[in-house]
Amino acid sequence: MCGIVAYIGTQKAYPIIIKGLQRLEYRGYDSAGIALQNGTLSVYKKKGKVADLISYTRQKNISGSIGMGHTRWATHGKPDDTNAHPHVSGNNRLVLIHNGIIENYAVLKSTLLKLGHSFYSETDTEVLVHLVEEVQQRENIPLEEAVRQALTQVQGAYAIVVMDRQDPHKLVAARKSSPLVIGVGKDEFLVASDATPIVEHTKNVVYLNDEEVATVTLDGQMVIKTLRNEVMTPTIHQIELEIEQLEKGGYDYFMLKEIFEQPVTIAECMRGRMNADEGWMRLGGMAEHLKRMINAQRMIILGCGTSWHAGMIAEYLFEDLARLPVEVEYASEFRYRNPVVRAEDVVLAISQSGETADTFAALELAKERGALTYGIVNVVGSSISRLTHSGSYIHVGPEIGVASTKAFTGQVTMLTMMALILGYERGFLTKSQYQKLVQELANIPGKVESLLENCHEQVKYIAGEFKDATNAL
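Just so we're aligned, residue 0 is where the sequence shown starts under numbering that gives the first Met the number 0, counting upward by one.
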């Protein structure tokens, strides 16, 4: 889970990029780096935290209104200064940052070595910037075209941003199976791996789709093309994220804040979708395809990690309340076993970010095979929300803590609502049973609030029992 932040505009790039990288620290990383256009390409990178990068750059040339930053979680090559991003081309003309894994990097590297390229790092990312350099020099073409042509040779997942020393008034960004968001501000653009570094500058964003290459320029132009060289019209979305949601709000830790937010976030998940007094619920995403869901022969639930555990709970709910057979699949394994998927199936994908690569790929397979696809996600406009036929947002706000809390309870809340609606519509819950369960669900936020208010001493005792444990079975 690496982090990308890039800026082009009229302000100083360095503080914006550094603040953006700090916003992304929750994703986990082992090194950080930054590159700036300031008459030349200045590149600084350091193993460790963003704070170490700040200390390292304190006496450096950090001027310029165009730049990019990156936090790396090592995949190819050990965590050190050399393997940290950004990476520079052999001719020192191009600089590139990258999230993802280039699966055919070894083949590409072998070809480039034969063409005279040399490499200083162990990363697949350095291979990628050399590939763009090779295409650009051979074809004598602009940066954006060199990136597009180079990526047609690449297998794997990537979100990249590239700068060119000889073309200093543009950034080029591209993605496949790794998220990338472009913030559209007044006389400026920001490019990031998620919206958290963008929100304090603009609420207007463009979500890049797979195999799209975007060029943004200092004079305010944005051009998006596919790898097949088709020109796309950018669609600007309004993000709902508020800057206050990214602060600790008086708590010592984000995780503690998010635990105590759960009474509010569970209620927010149900808001506008339920009338407890009258005993009914409605999910707009379900209403669009309700007949097909009622007649479904089977539900397949896809998820990874916490989302998979939410799916395991959902299996009990759907089978008990709606008498619908359910299979819960770990998304990373689903597509590799040639699963049987039919048009009569509903495939439900659960993902907090809406960007989980394995879940997205499994969902693509299910959709290709004719199943109805439905997403349960938190992030509005995310890749999974755009791929599915329909879906429901859990609306719990950003989850910064690594251990999931409010996203998990939001997912379980949404899945419970779905199971109740299907149970009633399929005829396995009477109206009175349905209304009673709706009212019970509406009481959950208050019960969670009461529990959190009265559990401090118990939690301290339990923590004391486990704090010295060396293993768990």
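Just so it is clear, CB atoms sit at the ideal spot from N, CA and C, and this is done for glycine as well.
Taking a 10 Å sphere around the C-beta of Tyr-6, we find 16 or more other C-beta atoms and assign the residue as buried. The C-beta distance from His-236 to Val-204 rounds to 5 angstroms, short enough to meet the 8 angstroms contact threshold. Here the alpha carbons of Phe-359 and Val-379 stand approximately 15 angstroms from one another. For Ala-286 against Ile-349, the beta-carbon gap comes to about 20 angstroms, at or over 8 angstroms, which does not count as contact. Rounded to whole angstroms, the separation of the alpha carbons of Ile-159 and Ser-117 is 21 angstroms. Taking the Cα of Met-416 as reference, the smallest distance to any Cα among Val-183, Glu-439, Pro-141 and Ala-149 is reached at Glu-439. Membership of Gln-165 in any beta strand (DSSP E) is not indicated, and neither H nor E is assigned to it by DSSP. For Ser-352, the closest alpha carbon among the candidates Glu-464, Arg-174, Met-298 and Asp-193 is that of Asp-193. Between Thr-429 and Phe-317, the alpha-carbon positions lie close to 16 angstroms from each other.
Beta-bridge analysis with DSSP links Ile-235 to no other residue. If you look at Lys-224, you'll find it in the beta strand (DSSP E) that goes 221-225.
Annotation for Tyr-423: Tyr-433 place their beta carbon closer than 7 angstroms to its own, counting only its chain and skipping 5 residues before and after. By the 16-neighbour rule on beta-carbons within 10 angstroms, Val-339 is exposed.
Contact between the stretch 60-75 and the stretch 324-343 is not established, with fewer than three Cβ pairs separated by less than 8 angstroms. Here Cys-303 is buried. Its C-beta has 16 or more other C-beta atoms within 10 Å.
According to DSSP, residue pairing for His-69 in a beta bridge involves Ile-3 and Gly-32.
Counting the other CB atoms within 10 Å of its CB gives Ile-223 a total of 16 or more, which places it among the buried residues. Taking 8 angstroms as the cut-off, the beta carbon of Gly-99 is found no closer than this to the beta carbon of Ser-30. For His-129, the enclosing alpha helix (DSSP H) starts and ends at 123-138. Arg-92 and Ser-306 have their alpha carbons spaced roughly 43 angstroms apart. Per DSSP, reduced to three states, the secondary structure at Gly-182 is strand. Between Met-298 and Leu-364, the gap from beta carbon to beta carbon reaches 8 angstroms or more.
Considered as a whole, the stretch 405-458 harbours 405-424, 430-441 and 443-452 as its complete alpha helix (DSSP H) runs of no fewer than 4 residues, in chain order. When C-beta atoms of the stretch 406-415 are compared with those of the stretch 257-272, three or more pairs fall below 8 angstroms, so the two segments count as touching. Here Ser-389 is buried, its C-beta having at least 16 other C-beta atoms within 10 Å. Rounded to the nearest whole angstrom, the CA to CA distance from His-84 to Asp-186 is 27 angstroms. In terms of Cβ geometry, Leu-23 and Pro-196 form a close pair [threshold 8 angstroms]. Uninterrupted alpha helix (DSSP H) stretches at least 4 residues long and entirely within the stretch 238-275 occur at 253-259 and 261-269, given in chain order.
Judged by DSSP in its simplified three-state form, Thr-110 adopts helix.
Listed in chain order, the non-local C-beta contacts of Ser-403 below 6 angstroms within the same chain comprise Thr-305, local neighbours out to five positions each way being set aside.
Between Val-94 and Leu-127, the beta carbon gap of about 12 angstroms keeps them out of contact (Cβ cut-off 8 angstroms). Inclusion of Leu-289 and Ala-418 in the CB contact set at 8 angstroms is not warranted, their separation being larger than that value. 8 angstroms or more divides the Cβ of Leu-301 from the Cβ of Leu-421. The straight-line gap separating the alpha-carbon atoms of Gln-244 and Val-198 is approximately 10 angstroms. In the three-state scheme derived from DSSP, where H, G and I count as helix and E and B as strand, Glu-363 is classed as helix. Excluding sequence positions up to five before and after Tyr-25, its CB lies within less than 6 angstroms of the CB of Ile-399, all in the same chain and listed in chain order.
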